[in-house]
Structures are given as C-alpha cells and as structure tokens.
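Read top to bottom, the protein sequences are chains C and V. If you read the first sequence in the working numbering, its first letter stands for residue 1, the second for the next number, and so on. If you read the second sequence in the working numbering, its first letter stands for residue 1, the second for the next number, and so on. All C-beta atoms in this analysis are idealised placements derived from N, C-alpha and C, irrespective of residue type, glycine included. These figures come from a predicted structure and were not determined experimentally.
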Amino acid sequence: NAGVTQTPKFRILKIGQSMTLQCTQDMNHNYMYWYRQDPGMGLKLIYYSVGAGITDKGEVPNGYNVSRSTTEDFPLRLELAAPSQTSVYFCASTKQGEGKNIQYFGAGTRLSVL
Amino acid sequence: AQKITQTQPGMFVQEKEAVTLDCTYDTSDQSYGLFWYKQPSSGEMIFLIYQGSYDEQNATEGRYSLNFQKARKSANLVISASQLGDSAMYFCAMREGFPGNQFYFGTGTSLTVIP
C-alpha cells in the first residue's frame, strides 16, 4: 500500500531558486491538500484541490502555486524560494463523501532555503 | 481567534498510566469533524481518532478515546495504559462545515512517557 507519496524527502535551495514538490496518491481520493509545518507549530493549509482541474487557496498560499491535472497528482511549485519558506511540507488526501473525511498524509518534504 | 487551541505544550505520564490531552475548538458551523493525529519523532502524521459533531457517543479506538463535550467545544484525547511508544507530538484538528474543505490544526502537545 503506497498511500500518499511525496518526493523529495529533503531539499536545500538557494534564495531565488524554484522547485516542485511532488505528491501522488493511489487511493482514488478526490481531495488533496498541501500543508506546511514550521518548527514547534501545527500544520497550516497552503492549497487544496477538490478534484482534477480545481484548486483553491488555503490559509498561507503566498509564494506557492499548484495544479491538479490528474486525480493522483498534486504538485506544489515554489517559484522564487525565500528563507521564510524553510519548513516541512506535507501532502494529504481524503475521500470526500465517506463521512469521516480522514486525511492521510505523506511522509513530508523537509525544505531549507539558504 | 484560533480555530483549534491546545494549551499543553508538553506533558509527562508514567508508563501504564492514563493521560488526557486537551483540545478546544472554535466554530459556528453545525456540521464539523474533530481529529487527533500523532506525530512521532520520525515525522509522519498518523491518524488516531475521529469525532463527528453529530455523533452522540464519544469515539474510541483501542487505547484512544475522545472526550467530546460539545457545549464546551472541547475534544480531549484520552490515552489509557500509556506505552513508551506513545511518546510523540499530538495534534488536534478540525474539519469545518460541509463539504469541509478546510482543516485547521492546533500547535500540538508533546507527550513523554516515563518508564
């Protein structure tokens, strides 16, 4: 059972560089989410998607972009990396309509911007 | 206002004892869901237990139970018979509204189980 897979696990970026954090799920979940977790803090929602072609902003979307061309994939793009984006990024997915809407998380991507 | 408040940054519990981790929430929606997740030092987020706003019974999952007090807007996690492997960060979260696109997480409680 792969579940939610995130790549890479670790990455160091220089200020101004760009990168894409990959997220894929094999559970046929319609909803997918991106969160960031800063040290000693809870998770904050960056973007979410309710299905292929549909995305919307969460609590902290500035500096990020997303796309959802397939049900399985939900990449997160950082265009001009800044030190404030140093964080751990989690992708999650859920099956809307099953009642509980339990979110299942990937293992996370630890990103440092120097 | 914070949607989810966890007031205990750190907690200690003796092995085999029970411990309660506090969580209060803020919503004006009638339909919402409450979740607890465990984050061990390895970093992954592990789902523990769920309580729906319309559920009349407190949720239980093995050694985990959720003490749901709707009028007080609290959703405390009770871990019975603590084990060393329970040492981790614990996060309370809320899915608000229907269909519930937004999730909110608390700042977490670090639980340490003492042998």
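Minimum Cβ-Cβ distance from residue i to chain C less than 7 Å
| i | result |
| --- | --- |
| F47(V) | yes |
| Y50(V) | yes |
| E15(V) | no |
| G10(V) | no |
| E44(V) | yes |
| R63(V) | no |
Where the beta strand (DSSP E) containing residue i begins and where it ends
| i | result |
| --- | --- |
| C23(C) | 19-25 |
| A93(V) | 88-96 |
Residue-level contact to chain V via CB, residue i, 7 Å cutoff
| i | result |
| --- | --- |
| I102(C) | yes |
| G3(C) | no |
| G108(C) | yes |
Pairwise C-alpha distance: residue j and residue i
| i | j | result |
| --- | --- | --- |
| P40(V) | F91(V) | 11 Å |
| Y64(C) | I46(C) | 8 Å |
| E61(V) | D38(C) | 29 Å |
| D86(V) | N62(C) | 36 Å |
| V88(C) | A81(C) | 14 Å |
| Y48(C) | R77(C) | 13 Å |
| G53(C) | A88(V) | 37 Å |
| T164(V) | E15(V) | No answer is possible for residue 164(V): it lies beyond the span of chain V, which begins at 1 and ends at 115. |
| V78(V) | R63(V) | 8 Å |
| T109(C) | V13(V) | 31 Å |
| Y33(C) | T71(C) | 12 Å |
Coarse secondary structure for residue i, derived from DSSP in three states
| i | result |
| --- | --- |
| S74(V) | strand |
| D22(V) | coil |
| G108(C) | coil |
| G85(V) | helix |
| S31(V) | coil |
| Q162(V) | Outside the shown range of chain V, which is 1 to 115, sits residue 162(V), and nothing can be said about it. |
| S93(C) | strand |
Per-residue contacts from residue i into chain B (C-beta, under 8 Å)
| i | result |
| --- | --- |
| M41(C) | The question asks about chain B, but that chain is absent: this structure's protein chains are C and V. |
Whole-number beta carbon distance between residue j and residue i, since they are thought to touch under 8 Å
| i | j | result |
| --- | --- | --- |
| F90(C) | F105(C) | 5 Å |
| Q8(V) | L21(V) | 6 Å |
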